[in-house]
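Chemist: If you scroll down you'll find the structure; I have some questions about it.
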Amino acid sequence: MTEIRTPRLLLRRWHDDDLASMAEINADPRVMRWVDDGGVRDLEQTAEDIERWEEEWDDEGYGLFAVELLASGELAGLTGLYVPEFLPEAAADAAIAWRLGAQFWGQGYASEAAQATLEFALQDRGLDRVVGIHRVGDNASENVVRKLGMHLERETEHPVYGHPLFVHAIDLTEFQA
């Protein structure tokens with residue numbers, strides 16, 4: 001089982017009892033504002049998401065981790081890597097993602113989890129390059145990708161929803177652990 005410990009977080013594979021907590025996070029319009037079409041997701045959709053994320057682990061050797069707070073055992077959200085199939089020009093890359101419940105914002109958890117994920121991608125999984133994709137205007141995600149040392153590669157448009165996206169990237173030669 002793949003697990004990563006940071007000073008405050010445990011990044012781990014998904015457990016059955018994570019579903020209700022993740023569904024609660026996905027049901028918050030503040031959290032989902034910048035994700036896909038900005039709509040919330042219900043319990044059934046969240047169960048399908050978790051199943052898909054676990055399948056990606058099997059298919060790709062990486063995927064989205066559950067993010068657990070070490071101090072309390074609470075599920076804070078997710079972080080990890082995924083294949084951005086929705087964006088053809090980036091579909092050959094691994095993309096980094098994070099989504100935390102609103103009560104966990106502003107405490108550095110996203111940056112801490114994303115940094116551990118980037119190290120996992122480039123050092124443990126041997127990937128040469130990782131991208132970060134976020135909607136234009138999502139300043140919190142912009143701050144995280146900049147803290148990771150990623151550079152803006154291009155602006156593009158979401159092929160389904162039409163909103164502008166930034167694609168940031170970092171490769172192994174630019175990465176400093």
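Start counting the sequence shown at 1; every next residue gets the next number (full-length UniProt numbering).
Virtual Cβ for every residue (Gly too), placed ideally from N, Cα, C.
Evaluate the contact criterion for the stretch 151-171 versus the stretch 128-139: three or more CB pairs, one atom per stretch, below 8 Å.
Modeler: Under the 8 Å Cβ criterion, the stretch 151-171 counts as touching the stretch 128-139, having at least three qualifying pairs.
Chemist: Measure the C-alpha to C-alpha separation of residue 138 and residue 144 and round it to an integer number of angstroms.
Modeler: Here residue 138 refers to the residue found at position 138 when the sequence shown is read from its first residue. Here residue 144 refers to the residue found at position 144 when the sequence shown is read from its first residue. So the two alpha carbons sit approximately 10 Å from each other.
Chemist: What's the gap between the Cα of residue 24 and the Cα of residue 43?
Modeler: Residue numbering aside, residue 24 sits at position 24 when the sequence shown is read from its first letter. Residue numbering aside, residue 43 sits at position 43 when the sequence shown is read from its first letter. Straight-line Cα distance between these residues: approximately 8 Å.
Chemist: Is residue 22 closer than 8 Å to residue 75 when the C-beta atoms are compared?
Modeler: Here residue 75 refers to the residue found at position 75 when the sequence shown is read from its first residue. Here residue 22 refers to the residue found at position 22 when the sequence shown is read from its first residue. Against a cut-off of 8 Å, the Cβ pair of residue 22 and residue 75 comes out as a contact.
Chemist: DSSP three-state label for residue 97, please.
Modeler: Here residue 97 refers to the residue found at position 97 when the sequence shown is read from its first residue. Three-state result, residue 97: strand.
Chemist: Excluding the 5 residues preceding and the 5 following residue 110 in the sequence, name in chain order all residues of the same chain whose CB lies nearer than 7 Å to its CB.
Modeler: Walking along the sequence shown from the start, residue 110 turns up at place 110. Cβ within range, chain order: 98, 100, 144.
Chemist: Taking the alpha-carbon positions, what's the residue 14 to residue 59 distance?
Modeler: Start at 1 with the first residue of the sequence shown, and residue 14 comes out as number 14. Start at 1 with the first residue of the sequence shown, and residue 59 comes out as number 59. For residue 14 and residue 59, the distance between alpha carbons rounds to 16 Å.
Chemist: Determine whether the beta carbon atoms of residue 95 and residue 81 lie at a separation below 8 Å.
Modeler: Here residue 95 refers to the residue found at position 95 when the sequence shown is read from its first residue. Here residue 81 refers to the residue found at position 81 when the sequence shown is read from its first residue. Yes, Cβ-Cβ distance for residue 95 and residue 81 is below 8 Å.
Chemist: Leaving aside the five residues before and after residue 179 along the sequence, list all residues of the same chain whose C-beta is less than 8 Å from its C-beta, in chain order.
Modeler: Residue 179 is absent from the model: the chain starts at 1 and stops at 177.
Chemist: The beta strand (DSSP E) with residue 55 in it runs from where to where?
Modeler: Residue 55 sits at position 55 when you count from the first residue of the sequence shown. Here residue 55 belongs to no beta strand (DSSP E); instead the alpha helix (DSSP H) covers 43-60.
Chemist: If the criterion is Cβ atoms closer than 8 Å, does the pair residue 5 and residue 27 meet it?
Modeler: The residue given as residue 5 occupies position 5 in the sequence shown. The residue given as residue 27 occupies position 27 in the sequence shown. The answer is no: Cβ separation not under 8 Å.
Chemist: Using CA atoms only, rank isn't needed, just tell me which of 54, 116, 122 is closest to residue 16.
Modeler: For this step, residue 16 is matched to residue 16 along the sequence shown. Among 54, 116, 122, the Cα nearest to that of residue 16 belongs to 54.
Chemist: Pick out the complete beta strand (DSSP E) segments inside the stretch 70-138, 3 residues or longer, and give them in chain order.
Modeler: 75-82, 94-100, 129-135
Chemist: Under a three-way DSSP split, which group does residue 37 fall into?
Modeler: Walking along the sequence shown from the start, residue 37 turns up at place 37. DSSP places residue 37 in coil when its eight states are reduced to three.
Chemist: Excluding the five sequence neighbours on either side, which residues of its own chain have a C-beta within less than 7 Å of the C-beta of residue 2, listed in chain order?
Modeler: Against the sequence shown, residue 2 aligns to sequence position 2. Closer than 7 Å at Cβ, skipping near neighbours: 13.
Chemist: Looking at the secondary structure, which residues open and close the beta strand (DSSP E) in which residue 155 lies?
Modeler: By one-based count along the sequence shown, residue 155 stands at place 155. That run of the beta strand (DSSP E) goes 151-157.
Chemist: Express the C-alpha separation of residue 148 and residue 114 in angstroms, rounding to a whole number.
Modeler: Against the sequence shown, residue 114 aligns to sequence position 114. Against the sequence shown, residue 148 aligns to sequence position 148. Whole-angstrom Cα-Cα distance: 8 Å.
Chemist: At what residues does the beta strand (DSSP E) containing residue 9 begin and finish?
Modeler: Here the question's residue 9 lines up with position 9 in the sequence shown. Its beta strand (DSSP E) spans residues 9-12.
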